[in-house]
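The structure appears right after this line, and notes come after that.
Numbering (our numbering), first residue to last: -2 to 641.
Next comes the structure, spelled out in structure tokens:
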């Protein structure tokens, strides 16, 4: 114990402990709240097990600063130690609070890559942070930061006056300082620091590794660890050749050059539109349309992101599972439907009500000849309905003009909507609004879907008035779903449950499918291209697209695989009615029987064998590696466009 003896004045002890004690309590309380917020019953032993890393980190932190204060007693170096003490504590306090709120909002732990992404895209992230984080959290963070900066000085001066200490007498009574005590403290601080890493990496079990780590330790370690082996970095030039890379269309005796219209329904989940939920009357026009259309009952996205859904629909291939490459010249490794039809004499056009920057590059890669974003349209009189743009009716006038100029030749058109996206500013418009839900945010979202439905009716009326309706194939699809904390997450990018993945998919072709066909098996956005190609009577040569035509039954044993947009956050797969979710150790794995539990309330992971779960996990990792290899693996050090 002699090695732990240090020479500090009463004033120095008060100064140190007035910050270190609240610091330790603050960190441990936040971690306890994190554990309490997780699903399931957490016993004391399990809670302490998950807090081992935090306890060790905080003990090591306390011993480190006591040792530094005891070793460096005066001069400029001492002032440097004091400033570093406050700056480091402020940093750890901020990381702990961010990690607490991130777990509360998303259900997963905060890592270095999340922070790096926020910094790179701060302009886009800042509005969401300030709108979504409760005022109470901001006030708590500000109070903690103010105390970490000024608290020790104020407390020390108050105690000093109360005890009537004399700075001179305090120092004169002290014995000659020794280095043995500080060195002993440094050694113990190192031991506890190593234990905090070990406890988080092994003692809690593989599935809880990130949660079992102290938040600051987890951020630091994930920064050093970098990508895992299945996500090793490489240059896009290393991309493997995609099977339909050289594909083209050839006419057959069945070829009929009907017009093709893709209608992108922003943030539209299946459960919130009437054809998939007859008790919810948000989309009466879509409900009526579905009665004489092909409807996919279990249609899914690959990755819940607008640009990714657009790649899957337009190009018939799985999109890259990381942000960016689809926006780069030549970034899509297969010809897309617009380009294929352009070679067959089709005119092509893309209309967009969303103001998201960068989509012009995406449209070029799809092969569209003309692009009409909001900057080319008259916005007067049209309401802003979301963070990315206006109500869809603003596309009707330029659509009408273009169609009149091109109605005598076959064409392909896409309408990219924005209403439905976050912001949900759909109350008080010229179409009025309705009360669909008690929750304000959900009600605003459902009213956005109602506005989309009104636009669909207006658009179909336009095609009928111009005499184009009868000769057109209409494909209506959700780009992704939307979460409202059903599983702790808002919006869509990392919402891997059914509310984020399952979408409406309806194909309407007048004179065809009039009795209302239903696809009961698992279907995907990548099935749209082969379905449309077959409906037009073309055949694909020099390549094969991976999807299935929905004019036929899809294989019963088909497995669909999914990914979150944030790297190393979540993957999932569905086969039949069985769904597995892998969270990269940030939260426990999940397994659901969707036939009995469509809202994913009962996690059956404990009822499945280790061999089955290992096989599903390995399959997902191999799949994600293979998909990214077709684009060139993720460049961790690069700054790439993230889409919507």
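We treat Cβ as the ideally placed atom computed from N, Cα and C, and that holds for glycine.
Residue 303 versus residue 20 - alpha carbon distance: 42 Å
Sequence-distant residues of its chain with Cβ nearer than 8 Å to residue 489 (five each side left out): 264, 301, 302, 477, 478, 479, 480, 497
Straight-line gap, residue 487 to residue 269 (C-alpha atoms, nearest Å): Using only the alpha carbons, I get a separation of about 15 Å.
Neighbour-count burial assignment, residue 469, 16 or more Cβ in a 10 Å radius: buried
First through last residue of the beta strand (DSSP E) which encompasses residue 590: 587 to 590
Straight-line Cα distance separating residue 363 from residue 336: Just so you know, the alpha carbons of residue 336 and residue 363 end up roughly 7 Å apart.
Length of the line joining the Cα atoms of residue 507 and residue 98: 50 Å
CB of residue 533 within 8 Å of CB of residue 568, strictly: no
Residue range of the beta strand (DSSP E) that includes residue 505: Note, residue 505: beta strand (DSSP E), 502 to 505.
Length of the line joining the Cα atoms of residue 325 and residue 465: 34 Å
Contact between the stretch 404 to 416 and the stretch 248 to 263 (3+ Cβ pairs under 8 Å): yes
Where residue 6 sits in the DSSP three-state scheme: coil
Proximity to residue 280 [Cα-Cα], best of 430, 510, 492, 295: 430
One or two residues paired with residue 261 in a DSSP bridge: 413, 474
Residue 596 - DSSP class collapsed to helix/strand/coil: coil
Sequence-distant residues of its chain with Cβ nearer than 8 Å to residue 357 (five each side left out): These residues qualify, in order along the chain: 368, 370.
Counted within 10 angstroms of its Cβ, other Cβ atoms place residue 552 as buried (16 or more) or exposed: exposed
Exposure label - residue 515; buried when at least 16 CB within 10 Å: exposed
Unbroken stretches of the alpha helix (DSSP H), 4 residues or longer, contained in the stretch 381 to 447: 393 to 403
Beta-ladder partner(s) of residue 694, from DSSP: The requested residue 694 does not occur in the structure, where the chain is confined to residues -2 to 641.
Three or more C-beta pairs below 8 Å linking the stretch 438 to 447 and the stretch 285 to 292: No, the stretch 438 to 447 does not touch the stretch 285 to 292.
Closest residue to residue 159 among 11, 189, 94 (Cα-Cα distance): 11
Distance between residue 415 and residue 385 (C-alpha atoms, nearest Å): 7 Å
Span separating the alpha-carbon of residue 271 from that of residue 218: 47 Å
Three-state secondary structure (DSSP) of residue 185: helix
Reference residue 296; option with closest CA among 502, 320, 387: 502
Simplified DSSP state of residue 93, which is helix, strand or coil: helix
Cβ pair residue 522, residue 306 closer than 8 Å: yes
Spatial distance of residue 509 from residue 548 (CA atoms): 11 Å
Neighbourhood of residue 91 by C-beta distance below 6 Å, restricted to the same chain and skipping five residues each side: none
Residue 62, buried or exposed, once every other Cβ within 10 Å from all chains shown has been counted against 16: buried
Residue 134 versus residue 238: straight-line alpha-carbon distance, rounded: 49 Å
Distance, residue 482 Cα to residue 491 Cα: 12 Å
Alpha-carbon to alpha-carbon, residue 45 and residue 596: 32 Å
Residue from 518, 456, 109, 422 whose Cα sits closest to the Cα of residue 473: 456
Spatial distance of residue 624 from residue 315 (CA atoms): 7 Å
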